[in-house]
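If you're matching them up, the sequences are chains A and B in order.
Going left to right, the first sequence walks through residues 1 to 232 as this note's numbering numbers them.
Going left to right, the second sequence walks through residues 233 to 464 as this note's numbering numbers them.
We put the beta carbon where it would ideally sit given N, CA and C, even for glycine.
Right, one structure below, let's go through it.
There are 2 protein chains.
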Amino acid sequence: MIEPRILEVRTKILKKNDELAREMRERFVRAGVLVVNMVSSPGTGKTAFLKQTLARLVARGEPCAAVVGDLETDNDARRLAESGAPARQIMTHGLCHLEADMVEKHLEGWDLAALRYLFIENVGNLVCPTSWDLGESVRLALLSVTEGEDKPLKYPGLFNTADVAAITKIDLAEACEFDRARALANIEAVRPGMRVFEASSKTGAGLDEWLAYLAERRRAIAGAARPADGRE
Amino acid sequence: MIEPRILEVRTKILKKNDELAREMRERFVRAGVLVVNMVSSPGTGKTAFLKQTLARLVARGEPCAAVVGDLETDNDARRLAESGAPARQIMTHGLCHLEADMVEKHLEGWDLAALRYLFIENVGNLVCPTSWDLGESVRLALLSVTEGEDKPLKYPGLFNTADVAAITKIDLAEACEFDRARALANIEAVRPGMRVFEASSKTGAGLDEWLAYLAERRRAIAGAARPADGRE
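What follows is the structure, encoded as structure tokens:
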């Protein structure tokens, strides 16, 4: 069990993280960049989903970039860079989540104001990333059809703190005997009213809706960044 | 980043856990029960694999039991009990791994000497459970064909500390375009010589080999529990 001592130290570190994340969020909004923090289990297909998202944004001339967390390898950044968007790897060397200062360090040299979208692909983990604010405006919880419909009930922390969810690998739904109605009901039970995208990085299903959602969220950010009277 | 203070507190707690786990392991071996700690990502199919394992052991008249960790629900213990073996849920209320004292508490009232196999299904997480010894004799790392072949490289901590691995959901291998050779090579790269079972809880493939392995490991334990001269 977690002892009071460790809880106290942990609370202080989380508080420091939250303060930095708040500063970062203000900076992101001021720059007019929509920041999305993507959280899921390992193997949900975050990287494939993000690569498809980046490739479509690049094709539309929308400046975008990604940072991706992983324990040991830089495989994911290499895969993402194939989309044509810049991508940087954050190696956590065993740490099971990203923290705000890791993200901040990996943004150095990028002109945020020149970007419209920045994606942060978190370490594959349904538990620990939940507690760490990275300054994002949108937290996306991903769940694949291969994982079982009860994940939202088992990991309510993630689904409670998410703004939006994606069900990935829907091309495998039949092979996995995925119970779509039950999965949606379970998400609804934990986070009533949350929008859910049903997507396949293989067939492209659901990606247009997801991109339309991102554009809409970005317009809200850009509106906040440049008030009507033109003051910065 | 983790600060020195938290590292120091964490080290002390881990040390306490290790001491208890060592005691528990001695107790398990003395009772002649083989204890298996199952670790994987959420959604790998640990519960389905364990349920099939228990049902087969029950059918063979082998006394076995399970404890299963989860953040919030007792769904898994209910599913496992359908096998005919006793199963207890450990709810961690947000903690991302099991610790030795949680397992110990949930064994109360069970006669260990009457069991041959005890399975501990850890919380779905590829990172945090790695550091926590639960007194097991066998640590099983599970990976499903839907998760991508590079998991062993991305989560070397788990595969390094595991005794044996299982690739699950092989009935979906074709639908997922699973690259078997690459997955096996990646496991081999991280943990040379580790035995790997390729299994499907749906078709039953690989389960006989897995049960034969368990029986062999249990004979080694039982031999240690009752030395040739009959002394306890």
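Using the rule of at least 16 other Cβ atoms within 10 Å of the residue's Cβ for burial, across every protein chain shown, is A329 of chain B buried or exposed?
Note on residue identity: the sequence assigns His, not Ala, to residue 329 of chain B. So H329 of chain B ends up on the buried side.
Kindly indicate which residue of B:E381, B:L350, B:D302 has the alpha-carbon position closest to the one of N269 of chain B.
B:L350
Which of the three DSSP states, helix, strand or coil, is assigned to T378 of chain B?
helix
Chain A contacts from the segment 300-312 of chain B (Cβ-Cβ distance under 7 Å):
D302, L303, E304, T305, N307
Neighbour-count burial assignment, T237 of chain A, 16 or more Cβ in a 10 Å radius:
Past the edges of chain A, shown from 1 to 232, lies residue 237 of chain A, and the structure says nothing about it.
Please compile the residues from chain A whose C-beta is within a distance smaller than 8 Å of the C-beta of L358 of chain B.
P42, G124, N125
Pick from B:E331, B:H325, B:V300: whose alpha carbon is nearest that of P318 of chain B?
B:V300
Which listed residue (B:D440, B:T324, B:T435) has its alpha carbon closest to that of R292 of chain B:
B:D440
Since I believe A189 of chain A is in contact with R180 of chain A (beta carbons under 8 Å), could you give me their beta-carbon distance rounded to a whole number of angstroms?
Going by Cβ atoms, the distance from R180 of chain A to A189 of chain A rounds to 15 Å, so no, they are not a contact pair.
Pair within 8 Å by beta-carbon distance, I399 of chain B and A444 of chain B
no
Any 3 or more C-beta pairs closer than 8 Å across the segment 41-52 of chain A and the segment 134-148 of chain A
yes
Cross-chain neighbours of D150 of chain A in chain B, by beta carbon under 8 Å
T305, N307
Among B:A454, B:A452, B:A447, which one has its Cα closest to the Cα of T285 of chain B?
B:A447
For a quick check, are the C-beta atoms of D70 of chain A and K386 of chain B less than 8 Å apart?
yes
So that I know if they touch, is there some Cβ in chain B lying closer than 8 Å to that of S83 of chain A?
no
Assuming S83 of chain A contacts A113 of chain A (C-beta within less than 8 Å), just tell me the rounded distance between them.
Wrong, their Cβ atoms sit about 21 Å apart, outside the cutoff.
How is E108 of chain A classed by DSSP in three states: helix, strand or coil?
coil
Could you spell out the range, first to last residue, of the beta strand (DSSP E) harbouring V290 of chain B?
Run containing V290 of chain B: none in the beta strand (DSSP E); it sits in the alpha helix (DSSP H), 278-291.
By the 10 Å Cβ neighbour count, where 16 or more other Cβ atoms means buried, how is I221 of chain A classified, buried or exposed?
buried
From A332 of chain B to T203 of chain A, what distance separates their C-alpha atoms?
45 Å
Please report the residue range of the beta strand (DSSP E) in which N186 of chain A lies.
Element bounds for N186 of chain A: not the beta strand (DSSP E) but the alpha helix (DSSP H), 180-190.
Is the beta carbon of V370 of chain B less than 8 Å from the beta carbon of R423 of chain B?
no
Collapsed DSSP secondary structure at T400 of chain B in the structure displayed:
strand
Using a Cβ cut-off of 8 Å, pull out every chain B residue sitting near K154 of chain A, in sequence order please.
P274, D302, L303, E304, T305, N307, G356
Taking S201 of chain A as the query, report the chain B residues whose CB atoms sit under 8 Å from its CB, ordered along the chain.
By Cβ distance, chain B contributes nothing, its closest Cβ being about 12 Å from S201 of chain A, past 8 Å.
Return the CA-CA distance between V9 of chain A and A253 of chain B, expressed in angstroms with no decimal places.
25 Å
Please report how far the alpha carbon of L107 of chain A lies from the alpha carbon of N17 of chain A, in whole angstroms.
16 Å
Between the segment 327-347 of chain B and chain A, which residues of the former have a C-beta closer than 9 Å to a C-beta of the latter?
L327, C328, H329, E331, D333, M334
Could you spell out where the beta strand (DSSP E) holding R348 of chain B opens and where it closes?
Where R348 of chain B is concerned, there is no enclosing beta strand (DSSP E), given that its DSSP letter is neither H nor E.
Work out the CA separation of E304 of chain B and I322 of chain B for me, nearest whole Å.
9 Å
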